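Reviewing the structure listed below.
Right, here's the structure in full:
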């Protein structure tokens with residue numbers, strides 16, 4: 002008999018429940034739910050106490066019979082629902098990755114829709130519900146993890162990161178990596194890129210921190226100056242950019258009042 006089977010038998014005996022009691026109680030639950038899967042027969046209970054794992058419906062009935070919460074009953078079978086969050090926190094890539102066309106078959110194009118009053122020239126964070134962004138393919142919706150990551154669009158006139166993250170790109174930000182990391186990188190693409198909020202808006206850039214001073218370092222090709230802010234007082238690191246989808250269209254062909262479009266998946 003497995004540990005879970007022994008525990009179920011112990012719980013039943015502690016509550017002075019006979020197999021017939023379990024049958025009767027689970028039968029009433031099944032009738033109420035109009036679903037026979039909630040019913041636990043004497044034979045099924047014997048199998049469970051011998052070590053078999055019941056269905057989610059029968060676990061529900063056992064929880065009711067033993068006057069336990071569903072989570073407590075799951076723990077009896079070695080399942081801790083709270084651990085799902087741990088496994089959802091997958092390790093972030095070692096460097097920011099650009100999504101090439103054709104990685105998923107077939108390659109698709111999608112659009113992001115904005116209120117025409119929104120200034121698309123500037124970098125901005127997207128709402129937490131991807132379904133509201135626009136015409137997104139199912140493959141991309143499945144790929145996005147809004148609970149784990151924040152998403153932003155690089156402004157059409159924001160060339161801070163040059164060709165690494167060009168204007169119009171959709172970026173994925175790991176909110177848990179909001180401390181500036183310093184290590185030996187061997188190529189520009191290996192250096193961490195962060196999304197930072199500051200007094201002038203949002204910026205994706207390389208960062209360097211010295212004490213409470215945060216420096217936002219742009220790509221050399223952008224010809225933009227290094228910006229300096231007091232961390233927390235004047236600027237906040239939202240997180241590290243771990244993924245980016247690039248736009249088909251250059252900023253010169255895009256009208257600021259139109260929806261952002263041409264992203265690759």
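In this note's numbering, the protein residues as written are 2 to 266.
Backbone N, C-alpha and C define an ideal beta-carbon position, used for all residues, glycine too.
Model, not experiment: these values are computed from the prediction.
C-alpha distance - residue i paired with residue j, whole-angstrom precision
i, j, result
"residue 59", "residue 140", "34 Å"
"residue 18", "residue 64", "13 Å"
"residue 174", "residue 197", "10 Å"
"residue 232", "residue 150", "22 Å"
"residue 199", "residue 179", "14 Å"
"residue 40", "residue 74", "16 Å"
"residue 32", "residue 45", "18 Å"
"residue 193", "residue 242", "7 Å"
"residue 222", "residue 228", "16 Å"
"residue 52", "residue 83", "24 Å"
"residue 91", "residue 55", "Any reading at residue 91 must be qualified, since the residue scores a pLDDT of 49, below 50, and its modelled position is unreliable; no value is offered."
"residue 159", "residue 168", "5 Å"
"residue 137", "residue 240", "24 Å"
"residue 10", "residue 69", "15 Å"
"residue 76", "residue 195", "39 Å"
"residue 80", "residue 57", "12 Å"
"residue 1", "residue 71", "In the structure displayed, the chain extends from 2 to 266; residue 1 sits before or after that span and is not available."
"residue 210", "residue 185", "15 Å"
"residue 164", "residue 191", "14 Å"
"residue 146", "residue 22", "45 Å"
"residue 161", "residue 183", "20 Å"
"residue 166", "residue 244", "10 Å"
"residue 134", "residue 142", "10 Å"
Opposing strand residues paired with residue i [DSSP bridges]
i, result
"residue 183", "Paired residues: none, contrary to the question."
"residue 76", "Beta-bridge pairing links residue 76 to no other residue."
"residue 195", "206, 241"
"residue 10", "Residue 10 is not bridged to any residue."
"residue 236", "199, 232"
"residue 125", "154"
"residue 171", "154, 246"
Nearest neighbour of residue i, chosen from the options [CA to CA]
i, options, result
"residue 27", "43, 12, 16, 15", "43"
"residue 188", "220, 55, 33, 9", "220"
"residue 132", "144, 16, 53", "144"
"residue 157", "135, 121, 54", "121"
"residue 214", "53, 48, 234", "234"
"residue 1", "123, 47, 180, 153", "Residue 1 cannot be examined here, being either before or after the span of the chain that is shown, 2 to 266."
"residue 176", "148, 163, 185", "148"
"residue 25", "62, 162, 161, 134", "62"
"residue 246", "128, 16, 113, 22", "113"
"residue 171", "155, 226, 128", "155"
"residue 125", "186, 67, 205", "205"
"residue 20", "225, 207, 217, 49", "49"
"residue 201", "212, 217, 207", "217"
Under the three-state DSSP convention, the category residue i falls into
i, result
"residue 231", "strand"
"residue 49", "helix"
"residue 65", "helix"
"residue 107", "Only weak support exists for where residue 107 lies, its pLDDT of 46 falling under 50; the value from the coordinates is given anyway. In this structure, residue 107 counts as coil in the three-state DSSP scheme."
"residue 91", "Bear in mind that a pLDDT of 49 at residue 91, under 50, signals an unreliable position, so the number given afterwards is only what the model happens to contain. The answer is coil: DSSP assigns residue 91 none of H, G, I, E or B."
"residue 3", "coil"
"residue 84", "helix"
"residue 176", "coil"
"residue 255", "Note on residue 255: pLDDT 44, under 50, position unreliable in the model; the coordinate value appears next. Looking at residue 255 - three-state DSSP - the assignment turns out to be coil, as it is neither helix nor strand."
(request) Scan the stretch 15-45 and note each continuous beta strand (DSSP E) run of 3 residues or more that stays entirely inside, going in chain order. (result) The stretch 15-45 contains no whole beta strand (DSSP E) run of 3 or more residues.
(request) Within the stretch 203-228, note down every full beta strand (DSSP E) run reaching 3 residues or more, in order along the chain. (result) Segments of the beta strand (DSSP E) lying fully in the stretch 203-228: 214-218.
(request) At 3 residues or longer, and completely inside the stretch 129-168: list those beta strand (DSSP E) runs for me, N to C. (result) Runs of the beta strand (DSSP E) spanning 3 or more residues and lying entirely within the stretch 129-168 occur at 150-154, in chain order.
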